[in-house]
Amino acid sequence: MSISSTLDGCLRSKGCLYEVIRHPHTHTSTETARAAHVPGDRLAKTLLLEDKLGYVAAVLPSTYHLHLAELQKESGRLDLTLADESELREVFRDCDAGAVPPVGMAYGMPTYIDSSLMAHGDVYFEAGDHENVVHMDMDQFMALMRDAKPAHFAYRMQGILF
């Protein structure tokens with residue numbers, strides 16, 4: 001697959017500069033970081049949440065955990081819960097399950113990006129399959145994510161050093 005069609009359209013429409021890095025097939029963000037030789041705190045992972053109003057995407061470093069109460073507070077949506085995998089497949093139809101790019105806005109949902117992800121000069125993220133990541137300078141990423149809301153809703157996992 002390489003890049004999901006929605007992500008490709010989003011990158012093209014914003015004129016973003018990026019590179020695609022191929023890596024061996026992986027199943028988790030930890031495996032992806034290792035296989036692609038990417039620092040885990042610069043690999044963005046995307047989580048899908050839902051409530052009665054619909055879906056929300058949360059983008060955070062792969063070495064961080066979601067602090068759900070903080071995201072609920074930041075978003076004003078106090079009933080948010082993690083969506084299940086079948087919903088993930090339904091919403092991100094052009095992506096493999098678990099390989100969701102951070103452009104939730106392009107899928108019609110509010111998107112929140114944890115501020116810790118913006119502490120670096122560049123970022124990596126899933127391209128839509130389990131064998132490719134997109135690499136961008138932070139300026140390009142912030143242009144891509146212009147409609148996302150920055151917030152603080154994640155914390156570093158203990159014992160993760162890569």
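For the sequence shown, my numbering begins at 1 and goes up steadily by one. Here a beta-carbon is modelled for each residue, glycine too, at the ideal position from N, C-alpha and C.
What residues are listed by DSSP as bridge partners for Met136? Locating residue 136 in the sequence shown gives position 136, where the first residue counts as 1. Per DSSP, Val123.
Where the alpha helix (DSSP H) through Arg89 begins and ends: Translated into positions along the sequence shown, residue 89 becomes position 89. Secondary structure note for Arg89: its alpha helix (DSSP H) is the uninterrupted segment 85-91.
Using a Cβ-Cβ cutoff of less than 6 Å, which residues in the same chain neighbour Ala151 once the five nearest sequence positions on both sides are dropped? Here residue 151 is taken as the residue at index 151 of the sequence shown, counted from 1. Excluding residues within five positions, the ones whose Cβ falls inside 6 Å are Glu74, Tyr112.
Taking all protein chains shown into account, do 16 or more other C-beta atoms lie within 10 angstroms of the C-beta of Gly128, making it buried, or fewer, making it exposed? To locate residue 128, count along the sequence shown from 1; it is residue 128. Buried, since its Cβ has 16 or more Cβ neighbours within 10 Å.
Alpha carbon of Phe242 to alpha carbon of Arg93, nearest angstrom: What the structure shows of the chain is the stretch from 1 to 162, and residue 242 is not part of that stretch, so it cannot be assessed.
I'd like to confirm the pairing. Which residues does DSSP put opposite Ile113 in its beta bridges? The residue labelled residue 113 in the question sits at position 113 within the sequence shown. Partner(s): Val59, Pro150.
Less than 7 Å between the C-beta atoms of Leu117 and Ala44, yes or no? In the sequence shown, residue 117 corresponds to position 117, counting from 1. In the sequence shown, residue 44 corresponds to position 44, counting from 1. Pairing Leu117 with Ala44 gives a Cβ-Cβ distance under 7 Å.
Please return the same chain residues whose Cβ sits closer than 7 Å to the Cβ of Met109, not counting the five positions on each side in sequence. Position 109 of the sequence shown, counting from 1, holds the residue named residue 109. These residues qualify, in order along the chain: Gly54, Tyr55, Val56, Ala57.
Secondary structure at Arg156, three-state DSSP: helix, strand or coil? As a working note, residue 156 is residue 156 in the sequence shown. Three-state DSSP puts Arg156 in a strand.
Just to confirm before moving on: does the CB-CB distance between Arg156 and Tyr64 stay below 7 Å? As a position in the sequence shown, residue 156 is number 156, starting the count at 1. As a position in the sequence shown, residue 64 is number 64, starting the count at 1. Going by beta carbons, Arg156 and Tyr64 fall inside the 7 Å limit.
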